[in-house]
Amino acid sequence: MEPLAVDDDICILKHETAYTGAGESPVSVCAGDESVASHFALVTAYEDIKKRLRDTERENTLLRKRVKQLEDKLFRPEAPPSEGPQYVNKAFSAYRGIYIEKEDLQMELNKLKKEKSDSERLLTEQLQAKELELLQLKTEMETSQGT
0 MEPLAVDDDI
10 CILKHETAYT
20 GAGESPVSVC
30 AGDESVASHF
40 ALVTAYEDIK
50 KRLRDTEREN
60 TLLRKRVKQL
70 EDKLFRPEAP
80 PSEGPQYVNK
90 AFSAYRGIYI
100 EKEDLQMELN
110 KLKKEKSDSE
120 RLLTEQLQAK
130 ELELLQLKTE
140 METSQGT
């Protein structure tokens, strides 16, 4: 399974932050259309992350089924087992391999869950910041038109 490329998918956000000046506020730099585009970029990135998470969860489900099949095959061999220590050694080696693979998959699943929650938290914070920025711009626009 290939590693997730989170940095590639949210480079839009880095691009935006790279071009804001040190003393400038984002409100003064972004026009209304740019804020809407930025908001759209955040929403698009969020939807992409959700899609990738669903795909990863689907893949994890398939891997769990495969582990279950291998465990069932190990514990219910079709051919009658041979007697003796050779069979026990093979069975133990197979069980140990499956157990290690299961632990690795569990660690990967936990890592992906953490990445998902971190990404959702980050995107939610960014979305809220952009919504606040849009509200401020709208208020400024209404104030300037009202006077």
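Sequential numbering from 0 applies to the sequence shown in numbering that gives the first Met the number 0. We put the CB at the ideal spot given by N, CA and C, even for glycine.
Considering only C-alpha positions, which residue in the set the options is nearest to residue i?
i, options, result
"K115", "Y45, K137, E33", "Y45"
"L104", "Q135, K137, L61", "L61"
"A93", "K110, A128, F74, L108", "F74"
"A212", "L52, K129, I48, L108", "The structure shown does not extend to residue 212, since the chain is modelled only from 0 through 146, so no value can be given for it."
"K72", "N59, A90, E141", "A90"
"T55", "E141, Q144, N109", "N109"
"L41", "Q68, E124, G145, N88", "E124"
Identify whether residue i lies in helix, strand or coil by the three-state DSSP scheme.
i, result
"R65", "helix"
"R75", "coil"
"S24", "Interpretation of S24 is limited by its pLDDT of 46, a score under 50 that renders its predicted location unreliable; no figure is taken from the coordinates."
Compute the distance between the beta-carbons of residue i and residue j, then report whether it is under 9 Å.
i, j, result
"H38", "L122", "no"
"E70", "I99", "no"
"E132", "S34", "yes"
"V66", "K112", "no"
"I48", "E107", "no"
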